[in-house]
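Novice: The structure under discussion is supplied below as structure tokens; questions concerning it will follow.
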Amino acid sequence: MSEDPATGEEVAGDAVFPYFLYKSKGTDMTETPLSVSELTKVFRKSFGISSFKAIDSISFEVRKGEILGFLGPNGAGKTTTIKCILGLLSPTSGKARLWGSRPASLSVRRRLGYVPENPDYEDAFSPVEFLSMFAHMRKLPDDRKMHELLLDRVGLKGWESVRIRSFSKGMRQRLSLALALQPVPDLMIMDEPTGGLDPNARKEFRDIILEERDRGASIFLSSHLLSEVETICDRAVILAKGKKVTEGSLDDLLRVEEHYRIEYIDGWKTPEETRNAISVDAGNLQNTIDALRNEGRRIIGIDQEHRTLEDVFLSATGGGRR
Ligand SMILES: Nc1ncnc2c1ncn2[C@@H]1O[C@H](COP(=O)(O)OP(=O)(O)O)[C@@H](O)[C@H]1O
Ligand SMILES: [Mg+2]
Numbered sequence: 049m050s051e052d053p054a055t056g057e058e059v060a061g062d063a064v065f066p067y068f069l070y071k072s073k074g075t076d077m078t079e080t081p082l083s084v085s086e087l088t089k090v091f092r093k094s095f096g097i098s099s100f101k102a103i104d105s106i107s108f109e110v111r112k113g114e115i116l117g118f119l120g121p122n123g124a125g126k127t128t129t130i131k132c133i134l135g136l137l138s139p140t141s142g143k144a145r146l147w148g149s150r151p152a153s154l155s156v157r158r159r160l161g162y163v164p165e166n167p168d169y170e171d172a173f174s175p176v177e178f179l180s181m182f183a184h185m186r187k188l189p190d191d192r193k194m195h196e197l198l199l200d201r202v203g204l205k206g207w208e209s210v211r212i213r214s215f216s217k218g219m220r221q222r223l224s225l226a227l228a229l230q231p232v233p234d235l236m237i238m239d240e241p242t243g244g245l246d247p248n249a250r251k252e253f254r255d256i257i258l259e260e261r262d263r264g265a266s267i268f269l270s271s272h273l274l275s276e277v278e279t280i281c282d283r284a285v286i287l288a289k290g291k292k293v294t295e296g297s298l299d300d301l302l303r304v305e306e307h308y309r310i311e312y313i314d315g316w317k318t319p320e321e322t323r324n325a326i327s328v329d330a331g332n333l334q335n336t337i338d339a340l341r342n343e344g345r346r347i348i349g350i351d352q353e354h355r356t357l358e359d360v361f362l363s364a365t366g367g368g369r370r
């Protein structure tokens, strides 16, 4: 249940935010929200440091209504890619399009939410003042009541009019989430949005991301936290050393040929000394069991093995990190 701010009445349903108060923006929701093709960024030589290819011919798209994880270790090129997508950096070659358009247009800004990696806001203003400024930039209604509801949604109730000078990193991240949610975005681009948050706050952010996806928004979520992203992404693009190393649905990425782990102990010693394990594929399971038994070993357990996104990442990159 949530409250309709216009009437003060309770509204049935799961909606936590009164989206219906925003007018339809008349946009074509069938278009691909984000497409990136052969994007390359070379940082030019400066101060004696040689030029450096931070991203190398990356292509992918965010499909309507999905959460796409954009994964890779620190330094892989995630932020560089996002800045090229948003027009904050100009790519050396290749292109990125938001609903087929360049990022600077007003029509794009009114459909897009961006959560930067390190929100860096002017200390002298309060959250409601920021929301008001962003509303003017986006040519959206400067609606104080709506902004208070937004701040409540991201956990900043009671802080609406406090200058952000006193805000912690986590509170600044909450503010940046509110600013990203303000246009009721069709696409949210989030660059490590939960870095520096405690586990409870991470869960709150994850829940909001899922609510947005369920509302119909598309989410482009960059993170180096594979295990966290594993729980919410529909698909993932994995990046290493500036190159896309793999891409696919989570189901496909995590599916393994059937593998089994057989635990056994040597029959003539005590279990503590000789607990052993061997990993085999399904085709060799029976032979291996027979062989172990013939050698006098005692099998104490057989389990099917599962893959994590970390395993996928390590095998795709050969375990190498930069
Ligand atoms: N302005 C810049 N000039 C030179 N190198 C840069 C610049 N910005 C980023 N890099 C380099 O590009 C690589 C990718 O960085 P980044 O996109 O921030 O990675 P990620 O967000 O995945 O951690 C890093 O090696 C980084 O040092
Ligand atoms: Mg980054």
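Residue numbers (the numbering used here): 49 to 370. Note that the Cβ used here is the ideal one computed from N, Cα and C, for glycine as well. Fair warning: this is a prediction, and the values are worked out from it, not measured in the lab.
Rounded to whole angstroms, what is the Cα-Cα separation between A288 and I280?
Specialist: Going by the C-alpha atoms only, they are around 21 Å apart.
Novice: Is any heavy atom in ligand 1 found nearer than 8 Å to the beta carbon of H354?
Specialist: It does not: the Cβ of H354 is nowhere closer than 8 Å to a heavy atom of ligand 1.
Novice: Am I right that I237 and L134 are in contact with their C-beta atoms under 8 Å? What's the rounded C-beta distance?
Specialist: The pair is a contact, with the Cβ atoms about 7 Å apart (cut-off 8 Å).
Novice: L269 and I106: beta carbons closer than 9 Å?
Specialist: No, the pair does not count as a contact, with Cβ atoms beyond the cut-off.
Novice: Report buried or exposed for E240, applying the criterion of at least 16 other Cβ atoms within 10 angstroms of its Cβ.
Specialist: Buried, because 16 or more other Cβ atoms sit within 10 Å of the Cβ of E240.
Novice: What residue ranges within the segment 306–369 form continuous beta strand (DSSP E) runs of no fewer than 3 residues, ordered along the chain?
Specialist: Listed in chain order, they are 307–314, 324–329, 345–352.
Novice: My parser needs the beta strand (DSSP E) runs of 3 or more residues fully inside the segment 104–161; what are they?
Specialist: Complete beta strand (DSSP E) runs here, min 3: 115–119, 141–146.
Novice: Does L269 come out as helix, strand or coil in the three-state DSSP assignment?
Specialist: L269 falls in the strand class under three-state DSSP.
Novice: Would you check whether ligand 1 has a heavy atom nearer than 8 Å to the C-beta of F108?
Specialist: Not so, every heavy atom of ligand 1 lies at least 8 Å from the Cβ.
Novice: Just how far apart, CA to CA, sit F91 and D329?
Specialist: Those two C-alpha atoms are separated by around 45 Å.
Novice: Thinking C-alpha only, which one of F361, T336, I310, G161 is nearest I350?
Specialist: Nearest option by C-alpha distance: I310.
Novice: Taking buried to mean at least 16 other C-beta atoms within 10 Å of its own C-beta, is S224 buried or exposed?
Specialist: So S224 counts as buried.
Novice: Does ligand 1 have even one heavy atom less than 8 Å from the beta-carbon of F268?
Specialist: No.
Novice: So does K126 have its beta carbon nearer than 8 Å to some heavy atom of ligand 2?
Specialist: Under cutoff, so the answer is yes.
Novice: Measure the alpha-carbon distance for S213 versus R222 and round it to whole angstroms.
Specialist: The sequence shown places Arg at residue 213, rather than the Ser named in the question. If you take the alpha carbons of R213 and R222, they lie about 14 Å apart.
Novice: Return yes when the C-beta of D314 is under 8 Å from any heavy atom of ligand 2, and no when it is not.
Specialist: Every heavy atom of ligand 2 is 8 Å or more from the Cβ of D314, so no.
Novice: Only counting the same chain, and skipping five residues up and downstream in sequence, which positions put a Cβ closer than 8 Å to that of P167?
Specialist: Correct list, in chain order: R220, Q221, L223, S224.
Novice: I think L137 touches L235, with their Cβ atoms under 8 Å apart; what is that distance to the nearest whole Å?
Specialist: That pair is no contact at about 19 Å.
Novice: By DSSP's criteria, E295 is part of a beta bridge. Which residues make up the other side?
Specialist: Answer by DSSP bridge pairing, in chain order: V285.
Novice: When you compare each of F215, T88, H195, G203 to A172 by their alpha carbons, which one comes out closest?
Specialist: Ranking the options by Cα distance to A172, first place goes to F215.
Novice: Here's a check: name, in chain order, each residue in its chain whose Cβ is nearer than 6 Å to the Cβ of G74, leaving out the five neighbours to either side.
Specialist: With a pLDDT of 46 at G74, under the threshold of 50, the predicted position of this residue should be treated as unreliable, though the coordinate-derived value follows. Excluding sequence neighbours, G74 sits near nothing in its chain.
Novice: The beta strand (DSSP E) spanning V176 covers which residue range?
Specialist: Here V176 belongs to no beta strand (DSSP E); instead the alpha helix (DSSP H) covers 175–186.
Novice: Can you tell me whether S94 is helix, strand or coil according to DSSP?
Specialist: Residue state, collapsed to three classes: strand.
Novice: Can you tell me which of the three DSSP states V163 falls into?
Specialist: Correct three-state label for V163: strand.
Novice: Three or more C-beta pairs under 8 Å: does that hold for the segment 173–185 against the segment 195–209?
Specialist: The segment 173–185 vs the segment 195–209: in contact.
Novice: So, V84 versus A152, is the Cβ gap smaller than 9 Å?
Specialist: No, Cβ-Cβ distance for V84 and A152 is not below 9 Å.
Novice: Buried or exposed for G206, going by 16 or more other Cβ atoms inside 10 Å?
Specialist: G206 is exposed by the Cβ-count criterion.
Novice: In its own chain, which residues sit with a C-beta less than 8 Å from the C-beta of L204, not counting the 5 before and 5 after it?
Specialist: Correct list, in chain order: P175, M219, R222, L223, A226.
Novice: Can you tell me which of F108, E109, T88 puts its alpha carbon nearest to the alpha carbon of S99?
Specialist: Among F108, E109, T88, the Cα nearest to that of S99 is on T88.
Novice: Can you have a look at A228 and say buried or exposed, based on whether 16 or more other CB atoms are within 10 angstroms of its CB?
Specialist: It counts as buried.
Novice: Can the beta-carbon of G117 be found closer than 9 Å to that of S271?
Specialist: Cβ distance < 9 Å, so G117 and S271 count as in contact.
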